[in-house]
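Scroll down for the structure; my scribbles are underneath it.
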Amino acid sequence: MVRQSTLIFPHGTNSENVKEIFLHYLKKKTIFKDKHVLTDAFFPDEILHRDKELMQLSSTLAPALKGYKPNNVFIYGGVGTGKTVCTKLVLKQLQEVVDNNRLPVKTIYINCKLKKVADTEYRLLAQLLSEFGVSVPDTGLPTDVLYRKFFNVVEESGKITIIALDEIDALVEKIGDDFLYNFTRINTELSSGKISLIGITNKLNFYNELDARVKSSLSEEEIFFHPYNALQLKDILWQRAEKAFNPGVVEDVVINKCAALAAQEHGDARRALDLLRTAGEIAERYNSEKILEEHVDMAHQKLEMDRTLEAIRMLPKQAQFVLAAILKLSKRTNPLHTVEVFREYKNICNKNGIKPLTIRRINDLLNELTALGIIDSHVVSKGRYGRQREITLSIEGDVLDAAEKLLFTFIS
Ligand SMILES: Nc1ncnc2c1ncn2[C@@H]1O[C@H](COP(=O)(O)OP(=O)(O)OP(=O)(O)O)[C@@H](O)[C@H]1O
Ligand SMILES: [Mg+2]
Numbered sequence: 001m002v003r004q005s006t007l008i009f010p011h012g013t014n015s016e017n018v019k020e021i022f023l024h025y026l027k028k029k030t031i032f033k034d035k036h037v038l039t040d041a042f043f044p045d046e047i048l049h050r051d052k053e054l055m056q057l058s059s060t061l062a063p064a065l066k067g068y069k070p071n072n073v074f075i076y077g078g079v080g081t082g083k084t085v086c087t088k089l090v091l092k093q094l095q096e097v098v099d100n101n102r103l104p105v106k107t108i109y110i111n112c113k114l115k116k117v118a119d120t121e122y123r124l125l126a127q128l129l130s131e132f133g134v135s136v137p138d139t140g141l142p143t144d145v146l147y148r149k150f151f152n153v154v155e156e157s158g159k160i161t162i163i164a165l166d167e168i169d170a171l172v173e174k175i176g177d178d179f180l181y182n183f184t185r186i187n188t189e190l191s192s193g194k195i196s197l198i199g200i201t202n203k204l205n206f207y208n209e210l211d212a213r214v215k216s217s218l219s220e221e222e223i224f225f226h227p228y229n230a231l232q233l234k235d236i237l238w239q240r241a242e243k244a245f246n247p248g249v250v251e252d253v254v255i256n257k258c259a260a261l262a263a264q265e266h267g268d269a270r271r272a273l274d275l276l277r278t279a280g281e282i283a284e285r286y287n288s289e290k291i292l293e294e295h296v297d298m299a300h301q302k303l304e305m306d307r308t309l310e311a312i313r314m315l316p317k318q319a320q321f322v323l324a325a326i327l328k329l330s331k332r333t334n335p336l337h338t339v340e341v342f343r344e345y346k347n348i349c350n351k352n353g354i355k356p357l358t359i360r361r362i363n364d365l366l367n368e369l370t371a372l373g374i375i376d377s378h379v380v381s382k383g384r385y386g387r388q389r390e391i392t393l394s395i396e397g398d399v400l401d402a403a404e405k406l407l408f409t410f411i412s
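All residue numbers in the sequence shown are consecutive under the numbering used here, ending with 412.
Shown next, in the form of structure tokens:
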């Protein structure tokens with residue numbers, strides 16, 4: 001048997017060889033010039049294909065410069081369609097004009113998904129107060145005291161305060177929509193200061209679920225962000241690729257492929273950038289001097305795997321049990337029917353000491369798994385035997401293996 005060390009270190013001492021690895025790496029032509037450019041943390045100099053939306057948002061907010069309260073804005077659109085990047089750009093430019101002209105306007109951007117910032121009404125108000133330089137204890141005060149403080153601070157500042165609540169659905173899910181009503185109502189009591197809200201979401205049904213009075217006040221203006229098509233994604237990718245990679249590393253075929261794949265997946269620019277970054281990392285690992293189409297395929301598979309596993313990890317426990325039942329049964333039978341899945345699910349619940357849900361609830365969970373693309377299920381007519389739901393797994397190969405490994409680490 002060949003000793004591992006003989007393969008890796010042909011001569012010299014360990015220290016010399018380890019050093020050699022580092023020196024070799026240092027000399028090696030690298031794929032990336034600046035990988036950071038392909039992440040959300042990078043702010044592009046130029047936002048492409050969003051002139052209409054940028055114009056709409058900036059002209060809605062512009063009246064603030066002349067002392068008028070801008071209409072509230074509701075911004076919605078699918079994942080990775082540029083909502084955050086466009087809102088941040090508009091607020092930044094507005095704030096610059098405000099600062100240069102010493103105008104009484106204040107812009108605040110809050111990402112409601114960030115836990116410590118806005119996962120309770122208390123934290124949200126504390127965060128807003130801190131934007132005005134007022135600090136409050138982490139807990140302990142009644143929320144109406146915080147509302148009062150916030151009211152006073154806006155009033156004393158005499159400023160038109162524009163508050164962008166990004167991923168607003170996450171906040172409403174946690175604390176309900178009363179706070180939105182409270183915010184809009186504050187305006188009727190304020191005399192010198194005013195508050196305008198920008199609510200941003202990618203949950204397209206979020207708006208319908210809001211209380212009617214909140215709905216009408218939040219969406220005095222609405223801006224919809226359409227998915228990007230493959231050509232638009234191509235432009236976005238090239239703009240970043242030139243900064244992210246060394247010359248000659250990326251070619252048109254690679255960009256086209258990333259753009260086409262991301263266009264199929266809801267026109268998501270983040271997905272397109274993730275694909276290109278991951279393909280670059282794979283090319284680097286294979287010691288390739290440039291990114292090849294096959295690296296994009298591998299990146300696609302990797303991202304799919306990550307996404308599926310993350311979705312499974314985030315499922316409620318009962319849905320994980322239903323999926324575990326489907327995984328077990330589909331080794332023998334295909335397609336499956338609800339009754340069989342239900343029976344196996346109950347076995348798993350018993351083994352794991354969990355009280356099973358009713359078959360009706362299982363049907364809801366099957367719909368959830370279908371919506372996530374983990375299973376495929378549809379109702380078929382069986383003539384005089386009535387209608388039955390047929391269930392098949394939509395994941396296969398490595399993803400299936402990894403999903404099994406993940407689920408059966410905590411389900412017996
Ligand atoms: N038109 C564009 N031009 C350049 N880069 C863009 C454009 N649109 C989006 N991006 C980039 O794509 C990524 C996703 O954009 P952004 O975060 O704005 O999407 P989003 O609509 O807010 O998505 P989500 O709903 O998931 O929050 C970011 O890295 C952003 O810089
Ligand atoms: Mg966003």
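Virtual Cβ for every residue (Gly too), placed ideally from N, Cα, C.
Practice item. Measuring from each Cβ to the nearest heavy atom of ligand 1, keep the ones under 5 Å and list them in chain order. Key: Having a Cβ closer than 5 Å to some heavy atom of ligand 1 are Asp40, Pro44, Ile47, Leu48, Arg50, Val79, Gly80, Thr81, Gly82, Lys83, Thr84, Val85, Asn202, Ile236, Ala269 and Arg270.
**Study point:** C-alpha distance - Lys346 paired with Glu121, whole-angstrom precision
**Key:** In the sequence shown, residue 346 corresponds to position 346, counting from 1. In the sequence shown, residue 121 corresponds to position 121, counting from 1. If you take the alpha carbons of Lys346 and Glu121, they lie about 39 Å apart.
**Study point:** Of the residues Gln127, Leu57, Lys302 and Glu289, the one placed nearest Leu275, counting alpha carbons only
**Key:** Here residue 275 corresponds to residue number 275 of the sequence shown, with the count starting at 1. Of the listed residues, the one whose Cα sits closest to Leu275 is Lys302.
**Study point:** Close-in-space but distant-in-sequence residues of the same chain around Glu304 (CB under 8 Å, 5 per side omitted)
**Key:** Along the sequence shown, one-based indexing puts residue 304 at 304. Once the five neighbours on either side are set aside, the close Cβ partners of Glu304 are Val399.
**Study point:** Where Leu91 sits in the DSSP three-state scheme
**Key:** Indexing the sequence shown from 1 puts residue 91 at position 91. In the structure shown, Leu91 sits in a helix (DSSP, three-state: H, G or I).
Check your understanding: In whole angstroms, what is the alpha-carbon distance linking Lys355 and Ile411?
Key -> The count along the sequence shown starts at 1 and reaches residue 355 at position 355. The count along the sequence shown starts at 1 and reaches residue 411 at position 411. Rounded to the nearest angstrom, the two C-alpha atoms are 14 Å apart.
Check your understanding: At what residues does the beta strand (DSSP E) containing Ala164 begin and finish?
Key -> Numbered from its first residue, the sequence shown carries residue 164 at position 164. That run of the beta strand (DSSP E) goes Ile160 to Asp166.
Review point. Mind checking whether the beta-carbon of Asp376 lies closer than 7 Å to any heavy atom of ligand 2?
Key: Indexing the sequence shown from 1 puts residue 376 at position 376. Relative to ligand 2, even the nearest heavy atom lies 7 Å or more away from the CB of Asp376.
**Study point:** Between the CA atoms of Arg271 and Asp34 - distance to the nearest angstrom
**Key:** The residue you call residue 34 lines up with position 34 of the sequence shown. The residue you call residue 271 lines up with position 271 of the sequence shown. Each residue's alpha carbon lies about 18 Å from the other.
Practice item. Would you mind reading off the limits of the beta strand (DSSP E) that contains Tyr122? Key: Within the sequence shown, residue 122 is the residue found at index 122, counting from 1. Here Tyr122 belongs to no beta strand (DSSP E); instead the alpha helix (DSSP H) covers Glu121 to Glu131.
Practice item. Would you mind reading off the limits of the alpha helix (DSSP H) that contains Leu393? Key: For the purposes of this step, residue 393 is taken as residue 393 along the sequence shown, with counting starting at 1. Counted as a single uninterrupted DSSP element, the stretch harbouring Leu393 is not any alpha helix (DSSP H) but the beta strand (DSSP E) occupying residues Arg387 to Leu393.
Practice item. Can you grab the Cα-Cα spacing for the pair Ala230 / Ile200, in whole Å? Key: Numbered from its first residue, the sequence shown carries residue 230 at position 230. Numbered from its first residue, the sequence shown carries residue 200 at position 200. Near 24 Å, if we compare the C-alpha coordinates of Ile200 and Ala230.
Exercise for review: Identify which residue in Lys382, Thr338, Glu281 and Asn367 has its Cα closest to the Cα of Thr30.
Suggested key: Taking the first residue of the sequence shown as position 1, residue 30 is located at position 30. Comparing Cα-Cα distances from Thr30 to each of Lys382, Thr338, Glu281 and Asn367, the minimum goes to Glu281.
**Study point:** Collapsed DSSP secondary structure at Met1 in the structure displayed
**Key:** Here residue 1 refers to the residue found at position 1 of the sequence shown. Residue placement at Met1 is flagged as unreliable, the pLDDT there being 38, under the threshold of 50; a coordinate-derived value is accordingly withheld.
Exercise for review: Can you have a look at Asn350 and say buried or exposed, based on whether 16 or more other CB atoms are within 10 angstroms of its CB?
Suggested key: For the purposes of this step, residue 350 is taken as residue 350 along the sequence shown, with counting starting at 1. Around the beta-carbon of Asn350, fewer than 16 other beta-carbon atoms lie within 10 Å, marking it exposed.
Exercise for review: Please name the residue, chosen from Gly353, Ile326, Lys331 and Asn352, that lies closest to Glu340 on a Cα-to-Cα basis.
Suggested key: Here residue 340 refers to the residue found at position 340 when the sequence shown is read from its first residue. Looking at the Cα atoms, Ile326 is the closest of the given residues.
Point to revise | Other residues of its chain near His337: CB distance less than 6 Å, five sequence neighbours each side excluded | key: The residue labelled residue 337 in the question sits at position 337 within the sequence shown. So the list reads Gln388, once near-sequence residues are dropped.
Point to revise | Whole-angstrom distance between Glu167 and Thr87, CA atom to CA atom | key: Sequence index remark: in the sequence shown, residue 87 carries index 87 (1-based). Sequence index remark: in the sequence shown, residue 167 carries index 167 (1-based). Rounded to whole angstroms, Thr87 to Glu167 spans 12 Å at the Cα level.
Review point. DSSP state of Tyr109, grouped into three classes?
Key: Position 109 of the sequence shown, counted from the start, is the residue given in the question as residue 109. Annotated three-state conformation of Tyr109 is strand, per DSSP.
Check your understanding: If you compare alpha carbons, which of Leu204, Glu289, Cys258 and Val154 is closest to Ala170?
Key -> For the purposes of this step, residue 170 is taken as the residue at position 170 of the sequence shown. Comparing Cα-Cα distances from Ala170 to each of Leu204, Glu289, Cys258 and Val154, the minimum goes to Leu204.
Review point. CB Val254 to CB Glu293, shorter than 8 Å?
Key: To locate residue 254, count along the sequence shown from 1; it is residue 254. To locate residue 293, count along the sequence shown from 1; it is residue 293. A Cβ-Cβ contact shorter than 8 Å links Val254 with Glu293.
Exercise for review: Kindly indicate which three-state DSSP category Thr358 falls into: helix, strand or coil?
Suggested key: Here residue 358 refers to the residue found at position 358 of the sequence shown. Coil, per DSSP.
Review point. From Ala371 to Asp364, what distance separates their C-alpha atoms?
Key: By one-based count along the sequence shown, residue 371 stands at place 371. By one-based count along the sequence shown, residue 364 stands at place 364. Cα-Cα distance, rounded: 11 Å.
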